[in-house]
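In the working numbering, the protein residues as written are 186 to 372. Backbone N, C-alpha and C define an ideal beta-carbon position, used for all residues, glycine too. Every value quoted in this text rests on a predicted model; they were computed, and no experiment measured them.
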C-alpha cells in the first residue's frame with residue numbers, strides 16, 4: 186500500500202483444530218483464560234455471549250463456529266483472545282495460544298497472490314507464513330466479520346443488563362454501535 190516496509194512483523198500464533206492461525210500483535214489487547222460467558226437470547230449464533238472485562242461488556246465469538254469448524258468443549262484453560270478490530274474490542278475463543286514470532290516481511294506470502302479472488306465477501310486471510318510444522322494463516326481482524334455480523338455483535342451489548350440497576354445498557358445503535366467498547370477501555 187505504498188508505505189515503508191517494516192524490518193519485521195510480530196505475530197501471535199494460535200491453533201484451531203490442526204490449523205495454525207495468527208494475528209499481528211498490534212491487534213491483541215489481552216489473552217484471558219475461559220471465564221463465564223453470559224449467553225444472550227435471540228442473537229446471531231455467531232455470538233457466544235458477552236464477558237465482563239474490567240467493567241466493560243465484550244462480545245465473545247467462538248472462532249471454530251465462525252470459521253465453520255467442528256465445535257469442541259471448553260475447559261478452564263481455553264484461551265479467549267481479546268482483540269481490537271477497528272474501534273471494537275472482541276473476545277475470540279481459540280483452542281490454544283502457541284507462540285509469538287518475529288518474522289521478516291519476505292517470509293509473508295500475500296493471500297491475494299495465491300487464493301482465488303472470488304473466495305468470499307471479506308478477505309479474512311491477509312497473508313500466509315511458513316512456520317514450523319506447516320502453513321500459518323494470518324487473519325485480518327478488520328475483515329473478520331461481515332457488516333451484518335458486526336451488527337449482531339453490537340446488539341450483544343444492548344442485551345446485557347447494567348449490574349447496578351438491572352436496566353439494559355444504553356449502547357449506541359447502527360453505525361455508532363461499534364464504538365461501545367474500544368481499545369482505550371483498558372487504558
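Whole-angstrom C-beta distance between residue j and residue i, which should lie under 8 Å
i: residue 326; j: residue 236; result: So it is not a contact: roughly 18 Å between Cβ atoms.
i: residue 209; j: residue 198; result: Not really, about 11 Å apart at Cβ, beyond 8 Å.
i: residue 219; j: residue 260; result: 7 Å
6 Å Cβ shell around residue i - same chain, five flanking residues per side excluded
i: residue 308; result: 328
i: residue 215; result: 267
Residue i in three-state terms, based on DSSP
i: residue 210; result: helix
i: residue 202; result: coil
i: residue 353; result: Residue confidence is low: residue 353 scores 38 on pLDDT, short of 50, so the model does not pin down where it sits. Its coordinate-derived value is still stated next. Of the three classes helix, strand and coil, the one that applies to residue 353 here is strand, per DSSP.
i: residue 281; result: strand
i: residue 233; result: strand
i: residue 301; result: coil
Beta strand (DSSP E) segment containing residue i, residue limits
i: residue 242; result: 241-247
i: residue 321; result: 319-324
i: residue 293; result: 293-295
i: residue 315; result: 310-316
Contact check, residue i vs residue j, beta carbons under 9 Å
i: residue 313; j: residue 299; result: yes
i: residue 294; j: residue 278; result: no
i: residue 194; j: residue 290; result: yes
Sequence-distant residues of its chain with Cβ nearer than 7 Å to residue i (five each side left out)
i: residue 349; result: Below a pLDDT of 50, predicted positions are generally treated as unreliable, and residue 349, at 36, falls in that range; no measurement from the model is reported.
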